[in-house]
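Student:
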Amino acid sequence: MNASVPAPAPALEQVRYQIGIWSSLRELASHWELIRGLIIRDLKVRYRNSVLGFFWSMLTPILQMAILAFVVKFAMQVPIENLTVKLLTGIIAWHFFENGLQDCADCVLNNRDLVKKIYFPRAALPIAVVIGNLIHFLLSLVVLLIWLAAVGDTPHRYFLYLFPLIILQTLLIAGLGLMLAALHTFYHDIKFIIIQLLRVFFFLTPVMYTADLLAGKLHLTLPQWAFTLYMLNPMATLIESYRTTLIGHQSPQWVFFLPVAVICLVMFIVGYHLYLKLAWRFAEAI
Amino acid sequence: MQPPAPVVIRTVNLTKRFSLVRDRPQRLKDLIISRLSFRRAEPEEFAALNRLNLEIHQGESVGIIGPNGSGKSTLLGIIAKVLQPTEGEVWVAGRVAVLLEVGAAFHPDLTGEENVHLTAAITGIPRRKVNLVLDEIFAFAELEEFRDMPVRTYSSGMLLRLGFATATHLDPDILLVDEALAVGDERFQRKCYAWLEEHATRGQTLGLVSHDLEQVSRICRRAIWLERGRVMRDGPASEVLEVYRRSESYRNHLARSGL
Numbered sequence: 000m001n002a003s004v005p006a007p008a009p010a011l012e013q014v015r016y017q018i019g020i021w022s023s024l025r026e027l028a029s030h031w032e033l034i035r036g037l038i039i040r041d042l043k044v045r046y047r048n049s050v051l052g053f054f055w056s057m058l059t060p061i062l063q064m065a066i067l068a069f070v071v072k073f074a075m076q077v078p079i080e081n082l083t084v085k086l087l088t089g090i091i092a093w094h095f096f097e098n099g100l101q102d103c104a105d106c107v108l109n110n111r112d113l114v115k116k117i118y119f120p121r122a123a124l125p126i127a128v129v130i131g132n133l134i135h136f137l138l139s140l141v142v143l144l145i146w147l148a149a150v151g152d153t154p155h156r157y158f159l160y161l162f163p164l165i166i167l168q169t170l171l172i173a174g175l176g177l178m179l180a181a182l183h184t185f186y187h188d189i190k191f192i193i194i195q196l197l198r199v200f201f202f203l204t205p206v207m208y209t210a211d212l213l214a215g216k217l218h219l220t221l222p223q224w225a226f227t228l229y230m231l232n233p234m235a236t237l238i239e240s241y242r243t244t245l246i247g248h249q250s251p252q253w254v255f256f257l258p259v260a261v262i263c264l265v266m267f268i269v270g271y272h273l274y275l276k277l278a279w280r281f282a283e284a285i
Numbered sequence: 000m001q002p003p004a005p006v007v008i009r010t011v012n013l014t015k016r017f018s019l020v021r022d023r024p025q026r027l028k029d030l031i032i033s034r035l036s037f038r039r040a041e042p043e044e045f046a047a048l049n050r051l052n053l054e055i056h057q058g059e060s061v062g063i064i065g066p067n068g069s070g071k072s073t074l075l076g077i078i079a080k081v082l083q084p085t086e087g088e089v090w091v092a093g094r095v096a097v098l099l100e101v102g103a104a105f106h107p108d109l110t111g112e113e114n115v116h117l118t119a120a121i122t123g124i125p126r127r128k129v130n131l132v133l134d135e136i137f138a139f140a141e142l143e144e145f146r147d148m149p150v151r152t153y154s155s156g157m158l159l160r161l162g163f164a165t166a167t168h169l170d171p172d173i174l175l176v177d178e179a180l181a182v183g184d185e186r187f188q189r190k191c192y193a194w195l196e197e198h199a200t201r202g203q204t205l206g207l208v209s210h211d212l213e214q215v216s217r218i219c220r221r222a223i224w225l226e227r228g229r230v231m232r233d234g235p236a237s238e239v240l241e242v243y244r245r246s247e248s249y250r251n252h253l254a255r256s257g258l
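Line by line, the protein sequences are chains A and B. Numbering follows numbering that gives the first Met the number 0, in which position 53 of the first sequence is assigned residue number 52; successive positions increment by one, without gaps. Numbering follows numbering that gives the first Met the number 0, in which position 216 of the second sequence is assigned residue number 215; successive positions increment by one, without gaps.
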């Protein structure tokens with residue numbers, strides 16, 4: 000190599016500071032190693048000095064399943080078929096939602112040294128958090144499917160609904176997560192508000208019960224408009240759809256599923272847009 | 000005479016204003032109260048950079064000097080795409096890397112090698128390219144035996160060495176250094192200077208923000224003296240440094256630093 004001859008300079012390009020969702024997604028795709036690196040970093044840090052490591056992610060749903068099975072069988076006398084799996088489906092889907100949002104809220108502040116000094120596609124931070132939580136969710140789902148197979152439910156074509164359901168839930172979490180990540184960076188109350196809201200929505204979502212209970216098939220009755228409103232909470236419809244498809248061997252209830260699919264998509268676009276708008280001020284704000 | 004090297008950084012009327020609201024609402028309560036109250040404080044603005052026009056050529060090593068608050072770090076931040084300009088344009092050729100103080104990008108629980116990979120990923124360099132220079136990085140940093148140790152076990156000197164080796168060996172076209180070149184002991188510093196000089200001849204451009212005028216005169220051929228967001232003087236480092244040393248703002252700066 001001839002050290003005295005300078006390499007030709009690359010072309011001079013104008014630096015673009017604000018970019019749109021589409022360019023941002025393309026940039027993320029070219030930085031996939033960064034997203035992978037952030038996910039691996041978070042996993043390594045979470046399980047450092049633990050012998051079982053990743054196995055803990057599997058153990059949590061297994062233990063929950065055992066406890067739930069015990070409680071349902073001996074303590075609750077509710078005449079609902081497959082109640083244990085139905086509740087577990089709700090719980091793991093809710094965990095994905097709750098942990099995803101809470102982790103997103105902190106992700107920019109947790110990386111403040113990086114954000115203040117180096118440029119990288121800012122959206123990588125919350126997106127990596129969401130994908131990390133998605134991986135945990137998928138592991139739990141595997142446990143659930145094994146359980147289903149163990150109690151004699153062979154794989155059926157309604158399993159295919161899992162794909163759109165998981166994608167929609169991930170888009171919903173990503174959209175809300177991007178929004179929270181951006182806002183929490185400026186106003187540190189956001190996280191506390193979110194924790195309270197999640198607590199309320201935990202009860203407004205059929206996690207520890209099923210929507211049948213509200214629909215009037217049992218003794219609780221609601222007027223139809225109230226039930227529609229209730230099901231327009233995307234998590235309510237998503238959890239119920241997981242249950243109808245996986246356990247009930249049916250298509251989801253389209254009247255609720257289609258509007259909720261639109262809500263998830265819109266949330267993703269709005270959240271992403273807001274994040275990109277605010278991301279340029281992160282370095283000044285923290 | 001050689002033809003002039005191509006321009007790799009150009010700023011056109013670059014302006015950056017920060018709002019000087021003393022207590023920017025940190026909490027929602029403050030925001031709500033400030034929106035409700037009648038006497039809405041007009042946000043005072045402070046121009047960190049004021050219509051700056053600069054051209055930096057390939058292979059130049061430029062020292063940016065000036066008192067605190069003169070806009071040096073803001074300029075670097077804007078070129079590095081961390082801050083957004085209020086007005087004006089920035090043109091850059093090639094990949095920009097920033098050398099951080101004491102391995103700010105490093106995560107204490109990851110090993111040295113994992114941290115190098117993460118740093119590279121952050122700047123968008125593919126893993127296979129990093130693997131090619133991984134041995135060189137640890138050899139330069141003199142940390143071969145500590146490659147698989149978590150960096151929380153490193154001393155601050157070791158962190159600096161790894162930080163410098165990582166930033167430089169990933170071969171950026173433009174290297175920006177903000178007050179971060181006090182790298183380890185005297186011997187290692189000389190090694191760093193030699194590296195930077197060699198790479199300048201190969202066309203790597205260096206931007207160095209520093210209060211250490213001695214360091215600027217050792218590394219940089221050109222110096223830019225900024226003051227209140229404007230260029231006071233721009234030219235050969237020896238000249239600019241001499242004028243700056245005799246200036247009032249430098250004496251004030253020394254007085255404030257207690258020297």
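Ideal Cβ placement from N, Cα and C applies to all residues, glycine included.
#1: Report the residues of the segment 105 to 126 of chain A with a CB closer than 9 Å to any CB of chain B, ordered along the chain.
#2: Can you tell me which of the three DSSP states A/Leu277 falls into?
#3: Alpha carbon to alpha carbon, how far is A/Gln168 from B/Trp194?
#4: Check whether the Cβ atoms of B/Ile63 and B/Lys71 lie closer than 8 Å to each other.
#5: In the segment 265 to 284 of chain A, which residues sit with their C-beta less than 7 Å from some C-beta in chain D, listed in chain order?
#6: Touch check for the segment 186 to 197 of chain A and the segment 99 to 106 of chain A: three-plus C-beta pairs under 8 Å?
#7: Determine whether the beta carbon atoms of A/Val265 and A/Ala180 lie at a separation below 8 Å.
#8: If you check the beta carbons only, do B/Thr10 and B/Ala46 fall under 8 Å apart?
#9: Under 7 Å from any heavy atom of the ligand NAP, does the C-beta of B/Ala199 make it?
#10: Let me check understanding here. Comparing Cα to Cα, which of A/Arg280, A/His155 and A/Ala210 lies closest to A/Trp232?
#11: If contacts are defined as beta-carbon pairs under 8 Å, then B/Glu59 and B/Thr204 qualify, I think. What distance do you get, rounded to the angstrom?
#12: Which of the three DSSP states is assigned to B/Asn67 in this structure?
#13: Which residues of chain B have a Cβ atom closer than 8 Å to the Cβ of A/Val44, listed in chain order?
#14: Leaving out five residues before and five after B/Ile124 in sequence, what residues of the same chain have Cβ atoms less than 6 Å from its Cβ?
#15: Apart from the five residues just before and just after A/Asn1, which ones in its own chain have a Cβ nearer than 8 Å to its Cβ?
#16: Could you check whether the Cβ of B/Pro125 sits closer than 8 Å to any Cβ belonging to chain A?
#17: Any chance the segment 230 to 239 of chain B sits against the segment 84 to 95 of chain B, with 3 or more Cβ pairs inside 8 Å?
#18: With 8 Å set as the bound, which would you pick, yes or no: does the beta-carbon of B/Asp147 sit closer than that to a beta-carbon of chain A?
#19: Comparing C-alpha positions only, which one of A/Ile165, A/Leu51 and A/Ala74 sits nearest to A/Tyr241?
#20: Whose C-beta lies closer than 7 Å to the C-beta of A/Ile130 among residues of the same chain, with five residues either side of it excluded?
#21: If you check the beta carbons only, do B/Leu82 and A/Glu26 fall under 8 Å apart?
#22: Return the bridge partner residues of B/Glu54 from the DSSP annotation.
#23: Less than 7 Å between C-beta atoms, sequence neighbours within five positions excluded: which residues of the same chain meet that for A/Met57?
#24: Would you check if the distance between the CB atom of A/Gly176 and the CB atom of A/Val269 is smaller than 8 Å?
#25: By the three-class DSSP mapping on this structure, what secondary structure does A/Asn1 have?
#26: According to the neighbour-count rule (16 or more other Cβ atoms, all chains shown, within 10 Å of its Cβ), is A/Lys85 buried or exposed?
#27: Measure the CB-CB distance between B/Arg217 and B/Tyr192 and report whether it falls below 8 Å.
#28: By the DSSP assignment, the alpha helix (DSSP H) with A/Met64 in it spans what residues?
#29: Terminal residues of the continuous alpha helix (DSSP H) containing A/Gly174?
#30: Taking the beta strand (DSSP E) that B/Gly87 falls in, what are its first and last residues?
#31: Please compile the residues from chain B whose C-beta is within a distance smaller than 9 Å of the C-beta of A/His30.
#32: Could you tell me the boundaries of the beta strand (DSSP E) in which A/Ala10 lies?
#33: Measure the C-alpha to C-alpha separation of B/Glu238 and B/Glu178 and round it to an integer number of angstroms.
#34: My guess is that A/Phe255 and A/Thr236 are in contact by the Cβ rule of under 8 Å, so how many angstroms apart are they, rounded?
#35: Checking contacts by CB at 8 Å: is A/Ala2 closer than that to chain B?
#36: Would B/Leu159 be called buried (16 or more neighbouring beta carbons within 10 Å of its own) or exposed?
Tutor: Put simply:
#1: Asp112, Leu113, Val114, Lys115, Lys116, Ile117, Tyr118, Phe119, Pro120 and Ala123
#2: helix
#3: So the two alpha carbons sit approximately 51 Å from each other.
#4: yes
#5: Looking at the structure shown, chain D is missing, and the protein chains on hand are A and B.
#6: Judged by pairs of C-beta atoms under 8 Å, the segment 186 to 197 of chain A touches the segment 99 to 106 of chain A, as three or more such pairs exist.
#7: no
#8: no
#9: Within the structure as shown, the ligand NAP is missing, as the structure has no ligands at all.
#10: In the sequence as presented, Trp is not what sits at residue 232 of chain A; that position holds Asn. The shortest Cα separation from A/Asn232 among A/Arg280, A/His155 and A/Ala210 belongs to A/Ala210.
#11: 6 Å
#12: coil
#13: His106, Asp108 and Leu109
#14: Leu169
#15: Unreliable placement is indicated for A/Asn1, whose pLDDT of 44 sits below 50; the coordinate value is still reported in the next sentence. So the list is empty, once near-sequence residues are dropped.
#16: yes
#17: no
#18: With 8 Å as the cut-off, B/Asp147 does not count as an interface residue toward chain A.
#19: A/Ile165
#20: Ile34 and Ile38
#21: Contact: no.
#22: B/Arg9
#23: Leu138 and Val142
#24: no
#25: Low confidence applies to A/Asn1: its pLDDT is 44, below 50, so where it sits in the model is not reliable enough to give any reading.
#26: The residue is buried, with at least 16 neighbouring Cβ atoms inside 10 Å.
#27: yes
#28: Phe54 to Phe73
#29: Leu161 to Phe185
#30: Looking at the DSSP string, the run of the beta strand (DSSP E) that includes B/Gly87 is Glu86 to Ala92.
#31: In chain order: Ala120, Ile121 and Gly123.
#32: Unbroken run through A/Ala10: none, as it is neither H nor E.
#33: 21 Å
#34: Their Cβ separation, rounded to whole angstroms, is 4 Å, which keeps A/Phe255 and A/Thr236 in contact under 8 Å.
#35: With a pLDDT of 46 at A/Ala2, under the threshold of 50, the modelled position of this residue cannot be trusted; read the value that follows with caution. Yes, A/Ala2 lies at the interface with chain B (some Cβ there is under 8 Å from its Cβ).
#36: Around the beta carbon of B/Leu159, a 10 Å sphere encloses 16 or more other beta carbons of the protein chains shown; the residue is thus reported as buried.
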